[in-house]
Amino acid sequence: MSVRDGTIFVVTWQGEDDKLNPRNWSVVKRIVVTFEVSLISAAVVIASSIDATALQAAEEFGVSHVVESLAKGLYLVGIGVGSLYAGPFSETFGRNTVYIGSLIVFMVWILGAALAPNIGAQLVFRFLAGCCGSTPIVCCGGSVADMWNCLDKTWGFPIYTSVGFAGSVLGAVIGAYIAPSGVLDWRWVEWIILILAGVLWVLVLLTMPETYGPLLLHWRASQYR
């Protein structure tokens, strides 16, 4: 809603031909953006399981395998804690702002976990990474809902879930190869997540359009003022 010279203007979508409305984008564009947000979610989910077989970390830190498994457990706890805040942020500042900001901080904590000198530091950094990594898991569903109407969501969401939540399986497979193989150091389970998150951050920054309707209408209203 915009006010000028005492006159109230209600800013809304301009019919089915309004290209600003994400639901009016072409099917191809919506599918591409759906895959993009699904890949972000997949990267975070991969991080939850990729270190499950990194038993070398326990030996290096001089702790039991049970203690080392806390790296996975605290990451999941962090996701639960961060989920309380991720949704409201995305509906205040927009989806892309939250994706870009949270991925940067997520990469910082993953970097800390990769360089951790002891088990305490690793557990703290993994927990903090989970807090920031919760954003894609919570907000990606909102991005999908922004683009697909009630009928089309029935196949828009399966695209998201099949790609996004396959990460837990893929992460375990990758981790099972890296850690026991001896070809790479166990810390590469974190480096791989860092590299993947960095690539996706660039992808979001350069190619992914904003999908949150109220924010898009706010931008349109600001042009009328």
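Residues 0 to 224, numbered by numbering that gives the first Met the number 0, are exactly what the sequence shown covers, in order.
Every residue, glycine too, gets a C-beta built ideally from N, C-alpha and C.
Small disclaimer: the values here were computed from a predicted structure and weren't measured.
N-terminal and C-terminal residue of the alpha helix (DSSP H) that residue i is part of
i, result
"Asn117", "Careful: Asn117 lies outside any alpha helix (DSSP H) and carries neither H nor E."
"Pro87", "69-92"
"Ile225", "In the structure as shown, the chain starts at 0 and stops at 224, and residue 225 therefore has no counterpart that could be examined."
Simplified DSSP state of residue i, which is helix, strand or coil
i, result
"Gln222", "helix"
"Glu15", "coil"
"Val10", "coil"
"Ser1", "For Ser1, the predicted structure reports a pLDDT of 48, less than 50, and the residue's modelled location is therefore unreliable. The matter cannot be settled from this model."
"Val62", "coil"
"Thr96", "helix"
"Ala57", "helix"
"Ala128", "helix"
"Ala112", "helix"
"Asn229", "Outside the displayed range of the chain (0 to 224) lies residue 229, so it cannot be described from this structure."
Nonlocal neighbours in the same chain, by C-beta distance under 7 Å from residue i, ignoring five residues either side
i, result
"Asn225", "No information on residue 225 is available, as it lies outside the stretch 0 to 224 that the chain covers here."
"Cys130", "Gly77, Val80, Gly81"
"Leu215", "Leu19, Glu209"
"Trp187", "Ile177"
"Phe124", "Trp108, Gly111, Ala112, Ala115"
Other residues of its chain near residue i: CB distance less than 8 Å, five sequence neighbours each side excluded
i, result
"Leu183", "Ile177"
"Leu75", "Ser47, Gly129"
"Ile192", "Ala42, Ile45, Ala46, Ile49, Ile109"
"Val97", "Ala85, Phe88, Ser89, Thr134, Cys138"
Other residues of its chain near residue i: CB distance less than 6 Å, five sequence neighbours each side excluded
i, result
"Ser167", "Val44, Ser48"
"His217", "none"
"Trp147", "Gly155"
"Ile118", "Phe60, Val62"
"Ala57", "His64, Glu67"
Requested in this report: May I have a chain-ordered list of the alpha helix (DSSP H) segments no shorter than 4 residues that lie completely inside the segment 133-216?
Outcome: 152-163, 166-180, 187-206
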